[in-house]
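Contents: one structure, followed by commentary.
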């Protein structure tokens, strides 16, 4: 059980750090406006994404966050980490950039799966 908690917190810590760094970078780095233009995205989306990432980080780190809210954060981060490569590749950016996005997506999946192990919830997909 201790190993599961360590894996959960390391993977969750990586995701939280990346999303927090990204949100702060989006909010305060003037070059990010140009990056969003390069990707063909409007400025309002940069602001929306910044807010969503900050809320998602809070959902993952605040103790006692309701299960559904935490799942919503995982889902949102999943969408971001799957959409980002599409935006970059569609804009002609290097495929090598996607190595990082793939690593972060796998880390997110590990965090999600270990969240269930650590919280003693049964993982199921209801169809």
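Residue numbers (the working numbering): 150 to 276.
Idealized CB from N, CA, C, for every residue including glycine.
Relative to the alpha-carbon of residue 247, which residue among 232, 201, 226 and 258 has its alpha-carbon at the smallest distance?
Locating residue 247 in the chain shown gives position 98, where the first residue counts as 1. Cα-wise, what sits closest to residue 247 is 232.
Complete alpha helix (DSSP H) runs within the stretch 187 to 275 (minimum length 4 residues, chain order):
Entirely contained in the stretch 187 to 275, the alpha helix (DSSP H) runs reaching 4 residues are, in chain order, 192 to 210, 216 to 239 and 246 to 268.
Taking residue 322 and residue 157 to be in contact with their CB atoms under 8 Å, please state how far apart those CB atoms are, rounded to whole angstroms.
With the chain covering 150 to 276 only, the question about residue 322 has no answer from this structure.
Using DSSP with H/G/I as helix, E/B as strand and the rest coil, what is residue 168?
Locating residue 168 in the chain shown gives position 19, where the first residue counts as 1. Residue 168 falls in the helix class under three-state DSSP.
Nearest residue (CA-CA) to residue 254, options 235, 229, 263 and 264
As a working mapping, residue 254 is identified with position 105 in the chain shown. Of the candidates 235, 229, 263 and 264, the residue whose Cα lies closest to the Cα of residue 254 is 229.
Quick check: the Cα distance between residue 202 and residue 194, rounded to an integer number of angstroms?
Here the question's residue 202 lines up with position 53 in the chain shown. Here the question's residue 194 lines up with position 45 in the chain shown. The straight-line gap from Cα to Cα measures roughly 12 Å.
Cα separation between residue 179 and residue 170?
What you label residue 179 is simply residue 30 of the chain shown in a count that begins at 1. What you label residue 170 is simply residue 21 of the chain shown in a count that begins at 1. Between residue 179 and residue 170, the C-alpha separation is close to 15 Å.
Alpha carbon of residue 265 to alpha carbon of residue 182, nearest angstrom:
The count along the chain shown starts at 1 and reaches residue 265 at position 116. The count along the chain shown starts at 1 and reaches residue 182 at position 33. Across the structure, residue 265 and residue 182 are spaced so that their CA atoms are roughly 37 Å apart.
Rounded Cβ spacing between residue 175 and residue 199 (contact assumed at less than 8 Å):
One-based indexing of the chain shown puts residue 175 at position 26. One-based indexing of the chain shown puts residue 199 at position 50. By a beta-carbon distance limit of 8 Å, residue 175 contacts residue 199. Their separation comes to about 4 Å.
I need the DSSP call for residue 174, collapsed to helix, strand or coil.
Residue numbering aside, residue 174 sits at position 25 when the chain shown is read from its first letter. Correct three-state label for residue 174: helix.
In the structure shown, what three-state DSSP assignment does residue 150 receive?
For this step, residue 150 is matched to residue 1 along the chain shown. Residue 150 falls in the coil class under three-state DSSP.
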